[in-house]
Each structure stands twice: as structure tokens, then as C-alpha cells.
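Sequential numbering of the sequence shown, starting at 33, is according to the working numbering. Worksheet for the structure shown next.
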Amino acid sequence: MIPPRQQWCIQIDVTNACPRACSNCTRMLAHSRAPFFITVGQFEQAACAVRDFLTESEPDHYGRGKLIGMIGGEPLMHPQLPSLAEIMAQEIPDRRQRGLWTGLCLEGHAYGPLVRDTFGYLNQNLHRAECVHQPVLVAVQDVIRDENRMWELIDACPLQRKWSSAITPKGFFFCEVAAAMDVIFEGPGGLPVSPGCWRHDLADYRDQMERWCPRCGVCLPLPGRRDDDSVDDISQSNLEALRKLGSPRIRKGDYVVFDPNIYQEQHNRATWQPLRYLRGSGQ
Numbered sequence: 033m034i035p036p037r038q039q040w041c042i043q044i045d046v047t048n049a050c051p052r053a054c055s056n057c058t059r060m061l062a063h064s065r066a067p068f069f070i071t072v073g074q075f076e077q078a079a080c081a082v083r084d085f086l087t088e089s090e091p092d093h094y095g096r097g098k099l100i101g102m103i104g105g106e107p108l109m110h111p112q113l114p115s116l117a118e119i120m121a122q123e124i125p126d127r128r129q130r131g132l133w134t135g136l137c138l139e140g141h142a143y144g145p146l147v148r149d150t151f152g153y154l155n156q157n158l159h160r161a162e163c164v165h166q167p168v169l170v171a172v173q174d175v176i177r178d179e180n181r182m183w184e185l186i187d188a189c190p191l192q193r194k195w196s197s198a199i200t201p202k203g204f205f206f207c208e209v210a211a212a213m214d215v216i217f218e219g220p221g222g223l224p225v226s227p228g229c230w231r232h233d234l235a236d237y238r239d240q241m242e243r244w245c246p247r248c249g250v251c252l253p254l255p256g257r258r259d260d261d262s263v264d265d266i267s268q269s270n271l272e273a274l275r276k277l278g279s280p281r282i283r284k285g286d287y288v289v290f291d292p293n294i295y296q297e298q299h300n301r302a303t304w305q306p307l308r309y310l311r312g313s314g315q
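Printed below as a string of C-alpha cells:
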């Protein structure tokens, strides 16, 4: 793993509202019990806290320019998007360093001109092409019984190394998926959102890592699933936890329980494409 100051991007998660119900979504949105929308004040606090990341963080390992992104759910469903976009423009002078992730078509959309004027980096996934998602809810702790091996896989997690940290209304997180898990599983929240929250060493995120990484499946070499299957692959411990929390997807039966006895790491690794989700989004 790498500390957030070495990552390419910090995402500000503005809502879990989304018109889709994709399989194995990294946001796990189909398990949301109620929508949240970040307040304008929370968003301004977040943007102020991370603006120095763009100029003072360490170089990205893959040579990419640094970015602050707005992610959901679907950000265009946020009722105060114009105010959020105005804050982005004020706090991040370089338009190229403002990013937006959306699954909606901008042509004819009321916010289309605003998005094009504000964001220099647009990641638009209209879900028209096949996209395969890595099973997020197949907990590595349910599959790998050797604890040392489990942490070796976690430490080499390709998503955490190549993707982003994140801010939600509950705090700052070293990993976007950990941030989403904290929301879905009603966790204790992240570090306080304050200037320099992205500068910490990994040791300062140890509590987050120990709570969420063993429950995540992104580090596991596993076959992906088409996003339009609209079911989640899930292991037993996460299934039980989400059932207790009243997950709508679990209640509907839209899931497939993973059998850890069929896991074959070397066989799976030969064809493993954990970041195909990102490539499918034009990333």
C-alpha cells in the first residue's frame, strides 16, 4: 500500500444516490438503506482540506497529474451541484485538476454546460459497453485462512496503489472502497477532515485498514462479473452483516454467495484483471 500523499487522486463522495444497480459496485450502492447528500458546508471543508494535495503531495507512481474528484453515487443527482461546482472552481484554480465521475449523458442535461465549464477531467461511463467488476464483498478474511498471506495480499492491493483516497461526510479515508464500506456497514468514520489530512503515514490509517481491508475482496485474484448482471458476489461474513443491517439488495436476494473452497489463487491470477472496472470507465 501507499499513503494518500503518493496517490493520484482524492475523491470527495457527494452522494450515494444512483439510478443504477451495478454488480459488485465499489461503492456497494445497492446496499444503501437511505440516500445521503453532502452538505455545501461539508463539501467546502473537504475542498479546503485537500487543495494543497495538488501542489504539495508526492509524485504519482505512474506519472499522472494530481486531481481532486467529485464522485458518487451519481453526482449529477445532488440537488446543490451548482454550489459544489462553484466551490471546486474557487478552491482549485486549475480546471484540469478538477474531476467529475458520472454515469449520465450530458447531452441535453440541465447540468451539462455547468459540468463542461467546471471540470477539466470528465470520467463518463454510460454503461453502454461491457464492464466487468471485481467482487468487492468477497471478504479476503473469509477466503484466505493464513493471516500472514491475507495481509500480503492486502498490502499489494492494486486498487489502493493505483486509485484514490476519499472524503465522505464521515471523514477522510486512505482508500475509496474503505470509505464506502464505512458508510454501508455503519462504521465509526474516518480521520477528521482538516488541512493536511492527506499527509499522514499509513500507520495513522491502521485502524481503518484493520477494520475494512479484511472485509474487502479487491486484493483477491477472482473472476469479475458483468455490471449489468445486477447481483453481488458476497462471502458469508459480509452477507450476515448486511442482512442484519437491512440491505435492500440482500433482502431482494440479488446476490451470489461465494464458496471459498473453490478459490484457486494461481489459476485465477493468470487471467485476473482487477482494474478492468477502471478501464471500462475510460480510466
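Note that the Cβ used here is the ideal one computed from N, Cα and C, for glycine as well.
query: Mind checking glutamate 106: buried by the 16 CB within 10 Å criterion, or exposed?; result: buried
query: From aspartate 259 to glutamate 297, what distance separates their C-alpha atoms?; result: 23 Å
query: Once the 5 residues before and after aspartate 286 are set aside, which same chain residues still bring their CB inside 8 Å of it?; result: Ala53, Ala62, Ser262, Val263 and Asp264
query: Could you name the residues that DSSP lists as bridge partners for phenylalanine 205?; result: Ala198
query: Classify isoleucine 294: buried if its beta carbon has 16 or more other beta carbons within 10 angstroms, exposed otherwise.; result: exposed
query: Starting from glycine 359 and walking both ways along the alpha helix (DSSP H), at which residues does that stretch end?; result: An answer regarding residue 359 cannot be provided, because it is not within the stretch 33 to 315 covered by the chain.
query: Would you mind sorting glutamate 208 into buried or exposed? The rule is 16 or more other CB atoms within 10 Å of its CB.; result: buried
query: Excluding five sequence neighbours on each side, which residues of the same chain lie with their C-beta closer than 8 Å to the C-beta of glutamine 129?; result: Leu86, Gly97, Lys98, Leu99, Ile100, Gly152 and Tyr153
query: Flag this pair as touching only if the segment 232–250 and the segment 155–165 have three or more C-beta atom pairs under 8 Å; answer yes or no.; result: no
query: Have a look at Lys194, Leu158, Pro67 and Trp195 and flag the residue whose alpha-carbon is nearest the alpha-carbon of threonine 134.; result: Leu158
query: Could you tell me if proline 167 is buried or exposed, where buried requires 16 or more neighbouring beta carbons within 10 angstroms of its beta carbon?; result: buried
query: Using DSSP bridges, identify the partner residues of glutamine 43.; result: Gly101 and Ala198
query: Expressed to the nearest angstrom, what Euclidean distance is found between the alpha-carbon atoms of methionine 120 and lysine 194?; result: 23 Å
query: Is it a yes or a no for the segment 270–282 touching the segment 57–77, going by three-plus beta-carbon pairs under 8 Å?; result: yes
query: Would you kindly report the start and end of the unbroken beta strand (DSSP E) that includes glycine 131?; result: 130–134
query: According to DSSP, simplified to helix, strand and coil, what is aspartate 260?; result: helix
query: Please determine whether the Cβ atom of isoleucine 176 lies at a distance below 8 Å from any heavy atom of the ligand SAM.; result: Inclusion of the ligand SAM in the displayed structure is not the case, the ligand content being empty and no account of it being possible.
query: Tell me the DSSP secondary structure of tyrosine 237 in three-state form.; result: helix
query: May I ask you to report which of helix, strand or coil DSSP gives glutamine 315?; result: Legend: pLDDT at glutamine 315 = 36, less than 50; position of this residue unreliable, value from coordinates given subsequently. Correct three-state label for glutamine 315: coil.
query: What is the rounded straight-line gap between the Cα of proline 292 and the Cα of valine 225?; result: 38 Å
query: Just list the alpha helix (DSSP H) runs in the segment 136–172, keeping only unbroken ones of 4 residues or longer that don't cross its boundaries, in chain order.; result: 144–150
query: Between cysteine 251 and alanine 188, which are expected to be in contact by the criterion C-beta below 8 Å, what is the C-beta distance as a whole number of angstroms?; result: 7 Å
query: Which one or two residues does DSSP pair with isoleucine 266 in a beta bridge?; result: Leu169 and Val289
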